[in-house]
Structure formats: structure tokens, C-alpha cells
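Residue numbers for the sequence shown follow my numbering, beginning at 161 and rising by one. All C-beta atoms, glycine included, are put in the ideal place defined by N, C-alpha and C. Just so it is clear, the structure is predicted and the values come from calculations on it, not from any experiment.
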Amino acid sequence: MFTEIHFPIEILPKELDNYLARGWFRMGQMIFTCHVLCFKDQVYSTVWIRLGLQGFTFKKSMRRLLTRNSNRFITIIRKAVFDREKQKLYEGHKERFEGYIPNTLKESLFGMEEENLYNTYEISVYDDDKLIAASFFDIGSNSIASIMGLYDPDYAQYSLGIYTMLCEVQYGMTQGKKYYYPGYIVPGYKKFDYKLRVGETDFYDVPSKRWKPITELNRQSLPAETMTQMLSELKEILEKKQISSKLLIYPFYDKDLFGYEEKEFLQSPLILNIQPAENTKNVLLFVVVDLVKRELRLCKGGKVFNMLPVLMSSFLASFDKEKSFLDFILIEKTLATNESISEIADAVEFYYQYPDL
Numbered sequence: 161m162f163t164e165i166h167f168p169i170e171i172l173p174k175e176l177d178n179y180l181a182r183g184w185f186r187m188g189q190m191i192f193t194c195h196v197l198c199f200k201d202q203v204y205s206t207v208w209i210r211l212g213l214q215g216f217t218f219k220k221s222m223r224r225l226l227t228r229n230s231n232r233f234i235t236i237i238r239k240a241v242f243d244r245e246k247q248k249l250y251e252g253h254k255e256r257f258e259g260y261i262p263n264t265l266k267e268s269l270f271g272m273e274e275e276n277l278y279n280t281y282e283i284s285v286y287d288d289d290k291l292i293a294a295s296f297f298d299i300g301s302n303s304i305a306s307i308m309g310l311y312d313p314d315y316a317q318y319s320l321g322i323y324t325m326l327c328e329v330q331y332g333m334t335q336g337k338k339y340y341y342p343g344y345i346v347p348g349y350k351k352f353d354y355k356l357r358v359g360e361t362d363f364y365d366v367p368s369k370r371w372k373p374i375t376e377l378n379r380q381s382l383p384a385e386t387m388t389q390m391l392s393e394l395k396e397i398l399e400k401k402q403i404s405s406k407l408l409i410y411p412f413y414d415k416d417l418f419g420y421e422e423k424e425f426l427q428s429p430l431i432l433n434i435q436p437a438e439n440t441k442n443v444l445l446f447v448v449v450d451l452v453k454r455e456l457r458l459c460k461g462g463k464v465f466n467m468l469p470v471l472m473s474s475f476l477a478s479f480d481k482e483k484s485f486l487d488f489i490l491i492e493k494t495l496a497t498n499e500s501i502s503e504i505a506d507a508v509e510f511y512y513q514y515p516d517l
């Protein structure tokens, strides 16, 4: 499963610690984990990171930034409050975010609920009486989790996004917390790399369920990279067999359809779509990677008409139709599974000719 979501009724500080320690993060009032993201016509792996606070010291450059900005501006730490100033910052900062963006800051942090399940604090930075930056973080029993940072782009020279993160870390240390969780990074997409500037982080290794130093991260072993490599190798073998195929993003991999609870829908963000032969144009054959079993799966499927793609038109508009499969896929039958790419290629060759068997 590439994405998992929980909707807690309540969440105690130690429960939040346990979620964070397993590479989860909260958005609105739900809490989730994910291992891949689909955007900009590509599948990326997510890598959850954390900073150990016990015995931690800031690098010299970070100390200078803290000192400069704390002397230059007024910095306040308090329980999170929502006002017009912060909403204005949020409005001006929406373009930074990927995917669906809630209309209001309150909706982004609380979802559609009036009450907040989490113990959320804020860092507010003022230039005299003008709000120029704000960040929000949740407090657990032994950890804090950075949720969102906003800043006035007119003050970009002061690195206020990094500054509020440093203030969060500093606050966590003064409160005796063990860990600071800034969310995930996305290898190959540098927009999230700013999180690594705070200090030497660890990453959550999903297969071993352990935190390891970021220096031990092997990008080629990550989910998106593994799927891409295996399916690309299969595509090359099929080309030699004169069988055309396309590597496509499937953005509905983490979406559910009501009324089809007993059906199996595709839950892979990347597929190798086998281009049909002349006599089998209505047959949908595709191959996906089962990362748990480390094997390839050849499936026969069908498209399902649903209004969700229409309702998600703004989201789907970001995907190139030539590089993505933008219909829901129902798995009708698994035709073959195998760890061997060459043997799956042989199975594809057979069912390419006889798809009804």
C-alpha cells in the first residue's frame, strides 16, 4: 500500500509520537503516510526525515541566522491562532504548494472541523507591527512536528522559512523533546531539500522500519525508482519481441470508489500499459510491480466510468494525457506473477496473442 490514512477521533501526545516515529504526518485533522507522489508527469519517492534533539547543536551558519533575525525582528511562540494577517500570508504563499490547496489557512490546518485534535503552536515573526512570517507545529510527548511555514516574499533575503524552522527546533530543545519531524523530502525534486539545512537528519527506512542516517540513503532502492527500473527493463525486452508498451502514471492509485467495495482496483502509481494488437483493441493488459513481494504482476483489466475524474478536473489537468492513464482501472484477472522480468515478458507475449485465455 503506497498511501494509508487514519481519521482519529482523538489523538494523545504519545499516540502522535508513535505515528511520527513510523513516518506518518498530519494534514487537516487526518494523519497519513505515503511512499510516493505523482506530480509534474512523474512518480517520485517520499523519504520521511527527523532530527534528533538530544545533544544537538546548530551549525555556525544556522546560529548566525538565528542571532541576526532574532535581533532584527520580534519573534513570538504561542498557541496557534487564526487572523487576517496570517490568512493574507497564506493567500500569498499558495503557489508554493503542490496539489489540492484549501481556500483558507484554518481549513488547511483543521480540515472542515471546528475543533483541533492536535496541540498546535505557532511561531510568529513581526517587523515592528507587521506580520512577515508564521509557522505551525504540533507538540507530542517527546516530539514536535513542523506542519507549515509561511513568509512574506518581500523579506526573502532573511530566509524566514528556515528561521522559523530553527525556532521550532530551539523550542523543542528547551522543552526537552527528543525529535523534530519536518515531514518528507523528495529525492530528485529539490523543492523539499531546504528541510535538510537544519541539521544532520535521519530517514525512515520502510523495509526495516528503522531510522537511519540520511547518509545511508540509497535512492535506487526507493519505491518510485525501483518500479521505474523494473518496468523499463521489461519494456526493453518487449520491444525486442515487437510488442509496444507505454510507461504511464496512474494518479488514481490511492483513490477509492463507493459501490465497488468487493472489486479490486489498481493501487499502483506506475503501470506498463501493453499496447493492444489489432484483433484485441478492447483488451486492457498492463504490468505493475508488487514491492512487498518484489515481483511483477501481469493483469487484465477494465475501465470504470465514474464522475470523480470530472470532479478532479483541476487536479488531472496537471497530468499529460500521453504520459498518464486517467481512467479508473478495475483488475479483472491476474494473469501471471513472477520475480523474473524475462519470464513476465514471456507471459506478456503469450497473453498479447491470446488475451481471452
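Straight-line Cα distance separating residue j from residue i
i: residue 482; j: residue 408; result: 8 Å
i: residue 434; j: residue 512; result: 8 Å
i: residue 236; j: residue 305; result: 18 Å
i: residue 211; j: residue 354; result: 14 Å
i: residue 396; j: residue 448; result: 15 Å
i: residue 493; j: residue 436; result: 17 Å
i: residue 334; j: residue 182; result: 24 Å
i: residue 292; j: residue 319; result: 11 Å
i: residue 273; j: residue 169; result: 11 Å
i: residue 223; j: residue 365; result: 30 Å
i: residue 451; j: residue 172; result: 33 Å
i: residue 345; j: residue 427; result: 22 Å
i: residue 423; j: residue 516; result: 20 Å
i: residue 288; j: residue 375; result: 41 Å
i: residue 191; j: residue 405; result: 37 Å
For residue i, the three-state DSSP class (helix, strand or coil)
i: residue 454; result: coil
i: residue 314; result: helix
i: residue 206; result: coil
i: residue 190; result: strand
i: residue 226; result: helix
i: residue 349; result: coil
i: residue 332; result: helix
i: residue 373; result: strand
i: residue 270; result: helix
i: residue 381; result: helix
i: residue 308; result: strand
i: residue 253; result: helix
i: residue 174; result: helix
Pair within 8 Å by beta-carbon distance, residue i and residue j
i: residue 250; j: residue 349; result: no
i: residue 281; j: residue 299; result: yes
i: residue 325; j: residue 309; result: yes
i: residue 430; j: residue 410; result: yes
i: residue 480; j: residue 163; result: no
i: residue 488; j: residue 446; result: no
i: residue 270; j: residue 279; result: no
i: residue 341; j: residue 213; result: no
i: residue 456; j: residue 501; result: yes
i: residue 461; j: residue 476; result: no
Option in the options with minimal Cα separation from residue i
i: residue 499; options: 415, 488, 390; result: 390
i: residue 297; options: 198, 186, 190; result: 186
i: residue 194; options: 503, 410, 343, 425; result: 343
i: residue 184; options: 202, 161, 200, 208; result: 208
i: residue 188; options: 166, 199, 200, 197; result: 166
i: residue 459; options: 330, 476, 364, 505; result: 505
i: residue 243; options: 192, 261, 266; result: 266
i: residue 347; options: 382, 427, 486; result: 382
i: residue 372; options: 231, 363, 403, 379; result: 363
i: residue 268; options: 288, 508, 246; result: 246
i: residue 283; options: 261, 264, 323; result: 323
i: residue 329; options: 345, 352, 404, 360; result: 360
i: residue 412; options: 196, 180, 503; result: 196
i: residue 254; options: 180, 311, 288, 486; result: 311
i: residue 241; options: 206, 294, 368, 377; result: 294
Contact test: residue i Cβ vs the ligand COA heavy atom, cutoff 7 Å
i: residue 238; result: As presented, the structure is devoid of all ligands, the ligand COA included, so that no description of it is given.
With three or more C-beta pairs closer than 8 Å as the rule, is the segment 314-327 touching the segment 176-195? no
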